[in-house]
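Peer 1:
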Amino acid sequence: MDRWNNADTTLLCAALLFLAAVGFRILYPESVATEGFLFVTEAAMVGGIADWFAVTALFKKPLGFPFHTAILPNRRAEFVNASTTMVQQEFFSRRTLFKKLDHIDFLPLLIQFFERQETKHFILLEILSALKKYFSSIDKLAQSRIIATKLRRELENIPTEKLINGGGTWLKESGKDVEIFVASMKTFKAIAEKPKTRDKIQELLEKFAAEKTQSAGAFSMLMAGLAQMLNFVNYEEAAEIMQVQLIKFLDELSKNSPIQRKTLEECRLKFSALAETSEFKDLIERLQIDLAGTLPLDETVEIAMTRFESQILSIELNELLPVAQDSKNLGAVLIETLIELYDKFLANLKSDTPTKKAVEKFLGELKSRATLYAQPLIGKVAKSALERMTPEQLNSLVYDKAEQDFVWIRMNGSIVGSIIGAIIFLIIKTVS
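Take the sequence shown: its position 68, counted from the start at 1, is 70 in my numbering, and no numbers get skipped.
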């Protein structure tokens, strides 16, 4: 408003022409032309001054005139409220925002964002940083006791039948029962190969023979003694033969042979029958309770948490992905797991899965809520920005947006004033 413009030039020209017309009128008082020229220039100057006054009165007091001037600064509150309403209800109405947002599919943008390596690295670093803070702040002793108590409770609450059936099924499906059977046969074979085993067999044969002889009478005892004296019965050789046969039998059971498979199947049947008995169930239940009570879970959990914390804290943030690929400690395993989960989540977003549908539903609700909250927020932001502006800044904001229009209004005042002055002059001369 303080810069010289075309309207000021027009008004200055009108004033100079008016002065020239006054001079010509003084020099040629009887001339109709000078009278008309003076009438037109006077009207042009008055129209220009009137429009200058009107435009200037919108923003400040022209020549200090106090009545109904400086309209914008004086009606600041009304202007701010009207502008806020216009922005909120016309430019950014809820219907307009909904129409604009309906054409935007946020899911591809979200997928593109998550596919960036920088985003993946940033999210993993944030998770790792949160884990570091968490493990540094918790009381590991108290937490280990809580976890150990929960583990004991879970172990004690496992149904006995489920434990037996599950254990049997796992042994059979994993082949562990075969491994246990073969290992047991090899252990028995090693015991059977020892000399004291042969001595024990001989001792049992002699004891058995003595018991049978005594129960059979005096004649049997006499015949048994005679047979032993004549070496008809040699307990040492019999024990050695039985030991050799026992070793062969155990060796056969240790191999994948028909007798092994048959024996193993018989053992499974016997175990299944044994598992149905109440005595066996009571035994397993007592073992379960005793095991849950005697296991050093508190110390184990605390050691595991301490070790896990040290390995988590040892990973450098800027070396997150290389550590996760090269190292095999617990911390790196966790990071590898997080990477796998991140990649799986990203793959689910790209395919037609419940994850994608859930994210789309969330984005739709978020878009709707954002629109509902953004529309009044836009008005508040606009109002806050306008209220913080000084009167000079507010004047400049309005004037700068329509400066050329205000200049033309002032120029039109001089132009229209001169035209109207000429018409009035002609009417006056015509009538007179």
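Note that beta-carbon positions come from the ideal geometry of N, C-alpha and C, so glycine has one too.
#1: Mind listing, in chain order, the continuous alpha helix (DSSP H) runs of no fewer than 4 residues lying wholly within the region 137-214?
#2: Of the residues Gln-262, Phe-39, Thr-308, His-105, which one's Cα is nearest the Cα of Ile-425?
#3: On a CA-only basis, which of Ile-28, Ile-166, Ala-306, Phe-20 is nearest Ile-149? Give me that one, please.
#4: Can you list, in chain order, the residues of its chain whose CB lies under 7 angstroms from that of Ile-193, leaving out five sequence neighbours each side?
#5: I need the straight-line Cα distance from Glu-156 to Leu-340, nearest angstrom please.
#6: Short of 6 angstroms in beta carbon distance, which residues of its chain neighbour Arg-309, apart from the five on each side in sequence? Order them along the chain.
#7: Please report the straight-line C-alpha distance between Ala-9 and Ile-422, rounded to a whole angstrom.
#8: Quick one: which unbroken alpha helix (DSSP H) runs of 4-plus residues sit fully inside the region 247-306? Chain order, please.
#9: Secondary structure at Glu-367, three-state DSSP: helix, strand or coil?
#10: When you compare only the Cα positions, how much space is there between Lys-174 and Phe-273?
#11: Near Asn-350, what residues of its chain come up, given a Cβ to Cβ distance below 7 angstroms and the 5 sequence neighbours on each side ignored?
#12: Distance check for Phe-251 and Gln-204, CA to CA, integer angstroms please.
#13: Just how far apart, CA to CA, sit Leu-143 and Pro-161?
#14: Would a C-beta distance cut-off of 8 angstroms place Leu-368 and Leu-109 closer than the cut-off?
#15: What span of residues does the alpha helix (DSSP H) with Trp-6 cover, start to end?
#16: What does a CB cutoff of less than 6 angstroms around Thr-58 pick up in its chain, not counting 5 residues either side in sequence?
#17: Tell me whether Trp-54 is buried or exposed, calling it buried when 16 or more other Cβ atoms sit within 10 Å of its Cβ.
#18: Give me, in chain order, the residues of the same chain whose beta-carbon lies closer than 8 angstroms to that of Pro-75; leave out the 5 immediate sequence neighbours on both sides.
#19: Does the Cβ of Leu-388 have 16 or more other Cβ atoms within 10 Å, making it buried, or fewer, making it exposed?
#20: Between the region 279-291 and the region 119-134, can you find at least three pairs of beta-carbon atoms closer than 8 angstroms?
#21: Is the distance from the Cβ of Val-409 to the Cβ of Asn-7 below 8 angstroms?
#22: Give me, in chain order, the residues of the same chain whose beta-carbon lies closer than 6 angstroms to that of Phe-183; leave out the 5 immediate sequence neighbours on both sides.
#23: Where Ser-186 and Trp-172 are concerned, what is the direct C-alpha to C-alpha distance, given to the nearest angstrom?
#24: Any idea if Glu-311 is buried or exposed, counting beta-carbon neighbours within 10 angstroms, 16 or more meaning buried?
#25: Could you spell out where the alpha helix (DSSP H) holding Lys-431 opens and where it closes?
#26: If we ignore side chains and look at the alpha-carbon of each, how far apart do Asp-253 and Met-244 end up?
#27: Would you decide whether Val-449 is buried or exposed? Buried here means 16 or more other CB atoms lie within 10 Å of its CB.
#28: Give the straight-line distance between the Cα atoms of Leu-18 and Gly-49, rounded to the nearest whole angstrom.
Peer 2: In terms of the structure at hand:
#1: 142-159, 162-176, 178-194
#2: Start at 1 with the first residue of the sequence shown, and residue 425 comes out as number 423. Answer by Cα proximity: Phe-39.
#3: As a position in the sequence shown, residue 149 is number 147, starting the count at 1. It is Ala-306 whose Cα lies nearest to the Cα of Ile-149.
#4: For this step, residue 193 is matched to residue 191 along the sequence shown. Here the set comprises Thr-199.
#5: Along the sequence shown, read from residue 1 onward, the residue named residue 156 stands at position 154. Along the sequence shown, read from residue 1 onward, the residue named residue 340 stands at position 338. One C-alpha to the other measures close to 27 angstroms.
#6: Here residue 309 corresponds to residue number 307 of the sequence shown, with the count starting at 1. There are no such residues.
#7: Against the sequence shown, residue 9 aligns to sequence position 7. Against the sequence shown, residue 422 aligns to sequence position 420. Their backbone Cα atoms lie some 19 angstroms apart in a straight line.
#8: 260-277, 280-296
#9: Counting from one through the sequence shown, the residue named residue 367 turns up at place 365. Looking at Glu-367 - three-state DSSP - the assignment turns out to be helix.
#10: Translated into positions along the sequence shown, residue 174 becomes position 172. Translated into positions along the sequence shown, residue 273 becomes position 271. Going from the Cα of Lys-174 to the Cα of Phe-273 covers about 12 angstroms.
#11: Taking the first residue of the sequence shown as position 1, residue 350 is located at position 348. Excluding sequence neighbours, Asn-350 sits near Thr-357, Lys-358.
#12: Translated into the one-based positions of the sequence shown, residue 204 becomes position 202. Translated into the one-based positions of the sequence shown, residue 251 becomes position 249. Going by the C-alpha atoms only, they are around 19 angstroms apart.
#13: Counting from one through the sequence shown, the residue named residue 143 turns up at place 141. Counting from one through the sequence shown, the residue named residue 161 turns up at place 159. Straight-line Cα distance between these residues: approximately 30 angstroms.
#14: As a first step, residue 368 is located in the sequence shown; it is residue number 366 there, counting from the start. As a first step, residue 109 is located in the sequence shown; it is residue number 107 there, counting from the start. No.
#15: Position 4 of the sequence shown, counted from the first residue, corresponds to residue 6. Counting along the chain, Trp-6 falls outside any alpha helix (DSSP H), and DSSP gives it neither H nor E.
#16: As a first step, residue 58 is located in the sequence shown; it is residue number 56 there, counting from the start. Once the five neighbours on either side are set aside, the close Cβ partners of Thr-58 are Pro-64.
#17: By 1-based counting over the sequence shown, the position of residue 54 is 52. Trp-54 is buried by the Cβ-count criterion.
#18: In the sequence shown, the residue the question calls residue 75 occupies position 73. Cβ within range, chain order: Phe-61, Lys-62, Pro-393, Leu-396, Asn-397.
#19: On the sequence shown, position 386 is the one that residue 388 refers to. By the neighbour-count rule (16 or more Cβ atoms within 10 Å), Leu-388 is buried.
#20: no
#21: Here residue 409 refers to the residue found at position 407 of the sequence shown. Here residue 7 refers to the residue found at position 5 of the sequence shown. Yes.
#22: Translated into positions along the sequence shown, residue 183 becomes position 181. So the list reads Leu-266, once near-sequence residues are dropped.
#23: What you label residue 186 is simply residue 184 of the sequence shown in a count that begins at 1. What you label residue 172 is simply residue 170 of the sequence shown in a count that begins at 1. Computed Cα separation, rounded: 19 angstroms.
#24: Translated into positions along the sequence shown, residue 311 becomes position 309. It is buried - the Cβ of Glu-311 has at least 16 other Cβ atoms within 10 Å.
#25: Locating residue 431 in the sequence shown gives position 429, where the first residue counts as 1. Start and end: 405-433.
#26: Here the question's residue 253 lines up with position 251 in the sequence shown. Here the question's residue 244 lines up with position 242 in the sequence shown. Each residue's alpha carbon lies about 14 angstroms from the other.
#27: Beyond the ends of the chain as shown, which are 3 and 434, falls residue 449; an answer cannot be given.
#28: Taking the first residue of the sequence shown as 1, we reach residue 18 at position 16. Taking the first residue of the sequence shown as 1, we reach residue 49 at position 47. The straight-line gap from Cα to Cα measures roughly 14 angstroms.
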